[in-house]
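Structure first, then comments.
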Amino acid sequence: MNIFNQLTPYPVWKFFGEICSIPRLSKNEARIRKYLLDFARENGLEAKEDRIGNILIIKPASPGLQNRKTVVLQSHMDMVGEKNADYPHDWNTDPIIPVVSNDWVSAKGTTLGADDGMGIASQMAILTDKELKAGRIECLFTVDEESGMTGAINIEPDFFSGRILINLDSEDEGVLYIGCAGGMDTVGTMTYKPRPVALGSKAISISLTGLRGGHSGDEIHKGYGNSVKIMNRLLWNLSNSFNISLSSFDGGNLRNAIPRESFATIVVDSQSIDKISQWTDNFYREILEELGEIEKDLKITHRETGLPPFIMDKESQDKLLSALTCCPHGAIAWSKEMENLVETSTNLASVKFGDDNKIKIVTTQRSSIESSKRDVAAMVETCLSLAGAVVIHSEGYPGWRPNMNSEILRITGNSYKKLYGRSPNVRAIHAGLECGLIFEKFKGIDMISFGPTIRGAHTPEEKIEIRTAKMFWDLLIDVINNIPVKQPGNY
Ligand SMILES: [Zn+2]
103 MNIFNQLTPY PVWKFFGEIC SIPRLSKNEA RIRKYLLDFA RENGLEAKED
153 RIGNILIIKP ASPGLQNRKT VVLQSHMDMV GEKNADYPHD WNTDPIIPVV
203 SNDWVSAKGT TLGADDGMGI ASQMAILTDK ELKAGRIECL FTVDEESGMT
253 GAINIEPDFF SGRILINLDS EDEGVLYIGC AGGMDTVGTM TYKPRPVALG
303 SKAISISLTG LRGGHSGDEI HKGYGNSVKI MNRLLWNLSN SFNISLSSFD
353 GGNLRNAIPR ESFATIVVDS QSIDKISQWT DNFYREILEE LGEIEKDLKI
403 THRETGLPPF IMDKESQDKL LSALTCCPHG AIAWSKEMEN LVETSTNLAS
453 VKFGDDNKIK IVTTQRSSIE SSKRDVAAMV ETCLSLAGAV VIHSEGYPGW
503 RPNMNSEILR ITGNSYKKLY GRSPNVRAIH AGLECGLIFE KFKGIDMISF
553 GPTIRGAHTP EEKIEIRTAK MFWDLLIDVI NNIPVKQPGN Y
């Protein structure tokens, strides 16, 4: 029995059910690609693919509507495979088992793949909709969105012709997305000289834990503590009042996470150990007060430990601590177009003492404006290079700058108000989407992103709210029906 029989819009759920049975993890899209190409052939639709594996399927304009602007509908073919540890699932062969329960559809033990299976299913339902009277529709299915966006990165600038694009990869019914941030990494490497530990010294290990961390895009403006910044502040202040020598400093982990923990080992002369302990406790109280409720679980502890094999030379230590003091972290600028949107930010993500007397400092910059992203990356580069670090930038990916005067935004907003009697929320996100890459390559393209409500994406708890699938569909159809002609007044 098909569990989707009772759900509306039935064609969307029918295709979604079929997609669930096709394994389609990122970089493993051969079967879903074949499925889509077979679907196009069986329905007599023109289809093409590019070298990287993206697919375009075209629904020609209905008779008499050839003069309407072409609209591109976009989804991604791949999905994230996460499962509960005790659930047996082979991602190469096993189908996803969807489960309908109350108002939601989820999957048994695994991610559901409504991200972005609902986008794919809606495109297929539109491509086969005999009732729909519309201009030319180009359905773009990209590969590998979830693990590197290589499909969007490598798309050729003539792969599709439309200059209105609706991205079907958002997860909040009632929200229209009109912008995203671009990103890049800036990584500095410093080299120090190891020095022997003086006789009669003592070593103290300091540990800083319990911060919230969070996503370096979505949560950068929340004021959470940065464990690298706080540990560095402690060390920098200690080094100004006492004779301390740094032997190791290890903080943060992922480049796209705000660092939650840091650990350091310092060597001091034995007489000052009590004073340093006391000073550190005072510093801890001061920081707790400064951060307040938001970081009440922060812990800074210290204990005497065995002497390390070496310390770093004083000059390099001063440079490291100064560079990390200068290095910015957090929101740098707010959008001039949209309220409460971080435009530009930087995350001081990690500092690690590695082999060969090298210290690696990893940072990430984001902005919806390309030039601002490069500017904040230059700011970080300068802090690090003044301290003698060798600095490298990653190539990065571009952002999508919000345009409040966008035609597709106006059309979609009007459709939403007409259907649901209220205004949708219009937002941009301070993280990367494929739209940024498309925006950069297809000059002058007008884009929007919306979708049904999905919760817990990328986890086995992923679920889609059934009623929002219908709301999403009705909105999409109404927007398509309202795409204007190519030149105003030229019917
Ligand atoms: Zn997605």
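Using our numbering, the first residue of the sequence shown is number 103, and each one after it goes up by one. No residue lacks a Cβ here, since even glycine has one placed at the ideal position from N, Cα and C.
Residue i versus residue j - alpha carbon distance
i: residue 411; j: residue 271; result: 52 Å
i: residue 134; j: residue 477; result: 41 Å
i: residue 67; j: residue 503; result: Nothing in the structure corresponds to residue 67, since the chain is present only between 103 and 593.
i: residue 420; j: residue 368; result: 13 Å
i: residue 308; j: residue 479; result: 30 Å
i: residue 541; j: residue 269; result: 11 Å
i: residue 372; j: residue 326; result: 35 Å
i: residue 141; j: residue 544; result: 27 Å
i: residue 616; j: residue 451; result: Look at the range of the chain in this structure, 103 to 593, and you will see that residue 616 is not part of it.
i: residue 107; j: residue 259; result: 40 Å
i: residue 293; j: residue 486; result: 12 Å
i: residue 370; j: residue 331; result: 22 Å
i: residue 505; j: residue 530; result: 10 Å
i: residue 167; j: residue 210; result: 44 Å
i: residue 550; j: residue 123; result: 29 Å
i: residue 338; j: residue 289; result: 21 Å
i: residue 576; j: residue 227; result: 12 Å
i: residue 426; j: residue 537; result: 34 Å
i: residue 129; j: residue 254; result: 13 Å
i: residue 116; j: residue 137; result: 14 Å
i: residue 556; j: residue 569; result: 11 Å
i: residue 592; j: residue 169; result: Below a pLDDT of 50, predicted positions are generally treated as unreliable, and residue 592, at 40, falls in that range; the measurement from the model is reported next regardless. Approximately 8 Å between the Cα atoms of the pair.
i: residue 208; j: residue 202; result: 7 Å
i: residue 418; j: residue 295; result: 8 Å
i: residue 162; j: residue 266; result: 16 Å
i: residue 297; j: residue 397; result: 37 Å
i: residue 574; j: residue 554; result: 5 Å
i: residue 148; j: residue 159; result: 6 Å
i: residue 413; j: residue 178; result: 51 Å
i: residue 384; j: residue 471; result: 41 Å
Where residue i sits in the DSSP three-state scheme
i: residue 107; result: coil
i: residue 457; result: coil
i: residue 585; result: coil
i: residue 480; result: helix
i: residue 102; result: Lying before the first or after the last residue shown, residue 102 is absent from the chain, which here runs from 103 to 593.
i: residue 301; result: coil
i: residue 435; result: strand
i: residue 243; result: strand
i: residue 605; result: There is no way to answer for residue 605, as the model of the chain reaches only from 103 to 593.
i: residue 306; result: strand
i: residue 295; result: coil
i: residue 442; result: coil
i: residue 529; result: strand
i: residue 580; result: helix
i: residue 95; result: Nothing about residue 95 can be read from this structure; the chain reaches only from 103 to 593.
i: residue 200; result: strand
i: residue 187; result: coil
i: residue 176; result: strand
i: residue 275; result: coil
i: residue 263; result: coil
i: residue 518; result: helix
Given residue i as reference, the closest of the options once Cα atoms are compared
i: residue 139; options: 290, 184, 242; result: 242
i: residue 581; options: 531, 566, 510; result: 510
i: residue 72; options: 493, 499, 362, 263; result: Here the chain has residues from 103 to 593 only, and residue 72 is not among them.
i: residue 500; options: 468, 518, 529; result: 468
i: residue 585; options: 118, 238, 277, 149; result: 238
i: residue 324; options: 393, 312, 240; result: 393
i: residue 527; options: 273, 559, 357; result: 273
i: residue 225; options: 157, 181, 213; result: 157
i: residue 400; options: 447, 359, 441, 312; result: 312
i: residue 193; options: 383, 127, 488; result: 127
i: residue 316; options: 535, 145, 217, 329; result: 329
i: residue 495; options: 514, 464, 277; result: 464
i: residue 284; options: 583, 523, 474, 559; result: 474
i: residue 453; options: 366, 561, 306; result: 366
i: residue 534; options: 319, 380, 197, 230; result: 319
Residue i, buried or exposed, once every other Cβ within 10 Å from all chains shown has been counted against 16
i: residue 403; result: exposed
i: residue 492; result: exposed
i: residue 81; result: In the structure as shown, the chain starts at 103 and stops at 593, and residue 81 therefore has no counterpart that could be examined.
i: residue 80; result: Lying outside 103 to 593, the shown extent of the chain, residue 80 is not represented and no answer is given.
i: residue 489; result: buried
i: residue 532; result: buried
i: residue 280; result: buried
i: residue 521; result: exposed
i: residue 579; result: buried
Interface flag, residue i vs chain D, CB-CB below 8 Å
i: residue 250; result: Among the protein chains of the structure shown there is no chain D, as only one such chain exists.
Under 5 Å from any heavy atom of ligand 1, by CB: list those residues in chain order, please. 217, 218, 271
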